[in-house]
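Trainee: All you need for my numbering is the position in the sequence shown, starting with 1, plus 265. Every residue, glycine too, gets a C-beta built ideally from N, C-alpha and C. Remember, it's a predicted structure, so these values are computed and weren't measured experimentally.
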Amino acid sequence: MVLLSRPQPNKPNKPNKPNKPNKPNKPNKPNKPNKPNKPNKPNKPNKPNKPNTMQLNDIARLRDYLTVKHHIPGRLRVLFHPALINRPEVKELVSNHSELPPGVTSVRVNALAMSVVIEYDPRRIPPDLLEELVHADEQRVVEVLRELGEKLGIMT
């Protein structure tokens, strides 16, 4: 048996597309003059390295922006004023602290609720002193920090 293929109908040839006209060459841009070198900035003096530690005096320093919302021995919830969010030292404390003060077991920040929960060992940090740290006036804050420092064996 022999298979014969069907002849294909002739397709008309497609006309050739006309060539696109050449685009004119862009003129060369003139070379920009060299900018003078900027003078070197003087080296900043080295600041003493401050450990990345949140300290109790940080709480005292920000106390005007804090309100105790709830406190049971071992757990303190503090509301903070929205103005604290934009302060650089607060951003640094929240993002960079790697160590907590002695006696503090955890610090959780809830930016949406604008609150901070501080969990601590009430045997090491007397609850009344911690709450007083937020409420005290300038003179009493110094005394509270000194008392806390003595109880925790740290310098404030």
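(1) Could you check which residue in 393, 370 and 404 has the C-alpha nearest to that of residue 335?
(2) Counting C-beta neighbours from all protein chains within 10 Å, is the total for residue 377 16 or more, i.e. buried, or is it exposed?
(3) Please go through the segment 334-417 and give each complete alpha helix (DSSP H) segment of 4 or more residues, from N-terminal end onward.
(4) Check whether the Cβ atoms of residue 380 and residue 413 sit closer than 8 angstroms, and answer yes or no.
(5) Using only the alpha-carbon positions, how far apart do residue 354 and residue 415 sit?
(6) Taking buried to mean at least 16 other C-beta atoms within 10 Å of its own C-beta, is residue 309 buried or exposed?
(7) Give me, in chain order, the residues of the same chain whose beta-carbon lies closer than 7 angstroms to that of residue 325; leave out the 5 immediate sequence neighbours on both sides.
(8) Can the beta-carbon of residue 396 be found less than 8 angstroms from the beta-carbon of residue 333?
(9) Counting along the chain, where does the alpha helix (DSSP H) carrying residue 321 start and finish?
(10) Less than 8 angstroms separating the beta-carbons of residue 372 and residue 340?
(11) In whole angstroms, give me the CA-to-CA distance for residue 314 and residue 338.
(12) Just the C-alpha distance for residue 356 and residue 391, rounded to the nearest angstrom, thanks.
(13) Using a threshold of 8 angstroms, state whether the C-beta atoms of residue 419 and residue 347 are closer than that.
Mentor: Judging by the given coordinates:
(1) It is 393.
(2) By the neighbour-count rule (16 or more Cβ atoms within 10 Å), residue 377 is not buried but exposed.
(3) Qualifying alpha helix (DSSP H) stretches, in chain order: 353-361, 392-400 and 403-417.
(4) Not a contact, by the Cβ cut-off of 8 angstroms.
(5) Computed Cα separation, rounded: 26 angstroms.
(6) Annotation note: pLDDT 43 at residue 309 (below 50); position unreliable, coordinate value reported separately. By the C-beta density criterion, residue 309 is exposed, having fewer than 16 other C-beta atoms within 10 angstroms.
(7) Around residue 325, the same chain offers 398, 406 and 410 as residues with beta carbons nearer than 7 angstroms, after the five sequence neighbours per side are excluded.
(8) Result yes, Cβ atoms of residue 396 and residue 333 sit closer than 8 angstroms.
(9) From DSSP, the alpha helix (DSSP H) with residue 321 extends over 321-326.
(10) No.
(11) Because the pLDDT of residue 314 is 41, which lies under 50, any placement of that residue in the model is unreliable, and the number read from its coordinates should be weighed accordingly. The straight-line gap from Cα to Cα measures roughly 34 angstroms.
(12) Distance between the alpha carbons of residue 356 and residue 391 is about 28 angstroms.
(13) At least 8 angstroms separates the beta-carbon of residue 419 from that of residue 347.
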